[in-house]
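Asks: Let me begin by handing over the structure; questions about it come next.
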Amino acid sequence: MAISKEKKKEIYAEVSDAVKTSGSIVLFNFHGLTVADATIIRKTLKGLGIGYKIAKKTITKKALVDGGVTGTLPELPGELGMAFSKDLTDAAREVYDFQKKLDKKIQILGGVFEGKFMNKEEMMAIALIPSQKTLYGMFVNVINSPIQGLVIALDAIAKTKTS
397 MAISKEKKKE
407 IYAEVSDAVK
417 TSGSIVLFNF
427 HGLTVADATI
437 IRKTLKGLGI
447 GYKIAKKTIT
457 KKALVDGGVT
467 GTLPELPGEL
477 GMAFSKDLTD
487 AAREVYDFQK
497 KLDKKIQILG
507 GVFEGKFMNK
517 EEMMAIALIP
527 SQKTLYGMFV
537 NVINSPIQGL
547 VIALDAIAKT
557 KTS
């Protein structure tokens, strides 16, 4: 079904806005995805503050290039969807989680990270980075560990002195 020029301009504007305002964009193929699964994905991503857009490849490519994204655009076979967020890792991590849950009905094809095109492998590596809150927790644990060890050692010394 053909879409009107006005609708194409509207979609282009939405994709362009996403390119300009997002820290990262994940491009994915959603071949074989059911409507129910697509609805779940859309609602979940929206609840997490991650944008989700389905657009024609030509419109998406034009918006990415016009948005100043540098590098080589990854190959984009099949149906194309995009997830985007201001946080650099959220979109990639969530799409990767859905890729695992939905038995590869969604495939990460590549994306944009800090204004540069990334291939599939690079976006998969970004998807495996824990969230910022998790990283903060890990950092606090690393800082707290030596202090905790010292307290345990001092407690053991105190117990041997009093016995």
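Under the working numbering, the letters of the sequence shown match residues 397 to 559, in that order.
Idealized CB from N, CA, C, for every residue including glycine.
Only a predicted model underlies this, so the values are computations on that prediction, with no experimental measurement involved.
Using the Cβ count rule (16 or more neighbours within 10 Å means buried), how would you classify residue 492?
Replies: By one-based count along the sequence shown, residue 492 stands at place 96. It counts as buried.
Asks: Buried or exposed, going by whether 16 or more other CB atoms sit within 10 Å of the CB of residue 421?
Replies: Position 25 of the sequence shown, counting from 1, holds the residue named residue 421. Answer is buried; the Cβ neighbour count reaches 16.
Asks: What are the residues that DSSP puts in a beta bridge with residue 425?
Replies: Position 29 of the sequence shown, counted from the start, is the residue given in the question as residue 425. Bridge partners of residue 425: 476, 503.
Asks: Run through the DSSP bridge pairs and tell me what residue 515 is partnered with.
Replies: In the sequence shown, counting from the first residue as 1, residue 515 sits at position 119. Paired residue(s): 506.
Asks: I'd like to know if residue 551 contacts chain D, where contact means its C-beta is closer than 9 angstroms to some C-beta of that chain.
Replies: Going by chain labels, chain D is absent from the structure shown, which holds only one protein chain.
Asks: Report yes if the C-beta of residue 402 is less than 8 angstroms from at least one heavy atom of the ligand MG; otherwise report no.
Replies: Judged by which ligands are present, the structure shown has none, so any question about the ligand MG falls away.
Asks: Is it buried or exposed, residue 425, if we count other Cβ atoms within 10 angstroms and call 16 or more buried?
Replies: Looking up residue 425 in the sequence shown gives position 29. Counting Cβ neighbours within 10 Å, residue 425 comes out buried, since at least 16 surround it.
Asks: Take residue 508 and list the residues in its own chain whose beta-carbon comes closer than 6 angstroms to its own, dropping the five residues that flank it on each side.
Replies: Along the sequence shown, read from residue 1 onward, the residue named residue 508 stands at position 112. Result list for residue 508: 421, 465, in chain order.
Asks: Please state the DSSP three-state secondary structure of residue 450.
Replies: Taking the sequence shown and counting its residues from 1, one reaches residue 450 at position 54. In the structure shown, residue 450 sits in a strand (DSSP, three-state: E or B).
Asks: Roughly how many angstroms separate the alpha carbons of residue 423 and residue 504, rounded to a whole number?
Replies: The residue labelled residue 423 in the question sits at position 27 within the sequence shown. The residue labelled residue 504 in the question sits at position 108 within the sequence shown. So the two alpha carbons sit approximately 6 angstroms from each other.
Asks: Smallest Cα separation from residue 432: which of 449, 404, 498?
Replies: Taking the first residue of the sequence shown as position 1, residue 432 is located at position 36. Selected option, being the one with the closest Cα: 498.
Asks: Indicate the three-state DSSP secondary structure (helix, strand or coil) for residue 417 in the structure shown.
Replies: In the sequence shown, the residue the question calls residue 417 occupies position 21. Here residue 417 sits in helix by DSSP.
Asks: Would you decide whether residue 561 is buried or exposed? Buried here means 16 or more other CB atoms lie within 10 Å of its CB.
Replies: For the chain, the structure presents residues 397 to 559; residue 561 sits outside this window and is missing.
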